[in-house]
Amino acid sequence: MVKQPDKMHLLGYFVLSVIINSLGNALTVSINLGSALWTAASVNLAQTTPVSLSWWLFLSGAIVILTNIIILHHFQTKRIIGNLIFMVPFASLVGIFAHFLVRWGITSLPLSLRVFLDCLGVVLIAVAISLYQRVNWMLHPVDDLMQIIRFRFFKGNSTVAQLVTFTPPLIVIFVIFGLTHHLYAINIGTVFALLFQGTLVGLADQIIFPSLKHQNIANMSQVE
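In terms of the working numbering, the sequence shown is residues 217 to 440.
Written as structure tokens, this is what we have:
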């Protein structure tokens, strides 16, 4: 029988995942070689409407939370509060890490090294998603959506679930491009995340702290 991790171990995994995720996002933000799909969609919406980027990021998060409720068929106050709480330290740490990375001259590095570090940022994000999805205490709304889809419809397949989760922002980006013929915040990091992030999450499940199994997913594993 596999021994379940106690709360202190889960707390350690969770804190580590938030730090890794923040560092990964800070790398992609400071290097500026492509934003994540949901962020890129918000950037494109902000560029083509009077609504600010901050509001689009908030609105997209709210829409995803509502989508999660619809998929699960019930309202979970604890889950929603967790989604909202997660974003506070996460956003703060991303800003802190990005500030120091820029001060250390990361934007002045050769292009080849910046591309490598941008892709490394995506890898770190995938590792972090793997960790806090397995802990399953508090998740970013988008990563919560991916986890719900992953176990409710695709038998734990992270690659397919991630691609499905990326579909809404891709549609937004394509529609805006069709209307304006301009794209913003799309680059090598965006493409790398689209192609590999889901697979990397699945690999991290197997090789990064493999003794840590997914917690509390029974209510997501069957379609009602």
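Heads up, the beta-carbon is just placed ideally off N, CA and C, and yes, glycines get one too. Remember, it's a predicted structure, so these values are computed and weren't measured experimentally.
DSSP three-state assignment for residue i, whether helix, strand or coil
{"i": "residue 354", "result": "coil"}
{"i": "residue 237", "result": "helix"}
{"i": "residue 439", "result": "Because the pLDDT of residue 439 is 48, which lies under 50, any placement of that residue in the model is unreliable, and the number read from its coordinates should be weighed accordingly. Three-state DSSP puts residue 439 in coil, outside helix and strand."}
{"i": "residue 229", "result": "helix"}
{"i": "residue 426", "result": "coil"}
{"i": "residue 170", "result": "Outside the displayed range of the chain (217 to 440) lies residue 170, so it cannot be described from this structure."}
{"i": "residue 252", "result": "coil"}
{"i": "residue 318", "result": "helix"}
{"i": "residue 360", "result": "helix"}
{"i": "residue 334", "result": "helix"}
{"i": "residue 432", "result": "coil"}
{"i": "residue 265", "result": "coil"}
Residues near residue i in its chain [Cβ-Cβ closer than 6 Å; skip 5 each side]
{"i": "residue 356", "result": "302"}
{"i": "residue 291", "result": "285"}
{"i": "residue 353", "result": "230"}
{"i": "residue 376", "result": "370"}
{"i": "residue 261", "result": "272"}
From the options, residue whose alpha carbon lies closest to that of residue i
{"i": "residue 358", "options": "390, 389, 398, 414", "result": "414"}
{"i": "residue 288", "options": "246, 362, 405, 417", "result": "362"}
{"i": "residue 432", "options": "350, 265, 273", "result": "350"}
{"i": "residue 258", "options": "422, 273, 295", "result": "273"}
{"i": "residue 424", "options": "343, 320, 387", "result": "343"}
{"i": "residue 364", "options": "283, 242, 228, 234", "result": "283"}
{"i": "residue 328", "options": "411, 247, 426, 311", "result": "247"}
{"i": "residue 416", "options": "398, 340, 368", "result": "340"}
{"i": "residue 360", "options": "235, 295, 224", "result": "295"}
{"i": "residue 345", "options": "266, 421, 427, 242", "result": "421"}
CA-to-CA distance, residue j to residue i, given in whole angstroms
{"i": "residue 418", "j": "residue 366", "result": "11 Å"}
{"i": "residue 298", "j": "residue 278", "result": "13 Å"}
{"i": "residue 336", "j": "residue 347", "result": "17 Å"}
{"i": "residue 383", "j": "residue 226", "result": "31 Å"}
{"i": "residue 271", "j": "residue 338", "result": "24 Å"}
{"i": "residue 389", "j": "residue 222", "result": "43 Å"}
{"i": "residue 314", "j": "residue 252", "result": "15 Å"}
{"i": "residue 325", "j": "residue 319", "result": "12 Å"}
{"i": "residue 440", "j": "residue 280", "result": "Unreliable placement is indicated for residue 440, whose pLDDT of 46 sits below 50; the coordinate value is still reported in the next sentence. For residue 440 and residue 280, the distance between alpha carbons rounds to 20 Å."}
{"i": "residue 307", "j": "residue 374", "result": "24 Å"}
{"i": "residue 235", "j": "residue 411", "result": "24 Å"}
{"i": "residue 368", "j": "residue 321", "result": "44 Å"}
{"i": "residue 304", "j": "residue 254", "result": "18 Å"}
{"i": "residue 239", "j": "residue 228", "result": "17 Å"}
Cβ neighbours of residue i in the same chain (closer than 8 Å, five flanking residues each side left out)
{"i": "residue 250", "result": "244, 256, 334, 401, 402, 403, 404, 405, 406, 407, 408, 409"}
Beta-carbon contacts of residue i that lie in its chain and below 7 Å, excluding the five residues immediately before and after
{"i": "residue 264", "result": "392, 396"}
{"i": "residue 242", "result": "310, 313, 314, 317"}
Mind listing, in chain order, the continuous alpha helix (DSSP H) runs of no fewer than 4 residues lying wholly within the region 362-424?
374-396, 404-423
May I have a chain-ordered list of the alpha helix (DSSP H) segments no shorter than 4 residues that lie completely inside the region 287-331?
293-319
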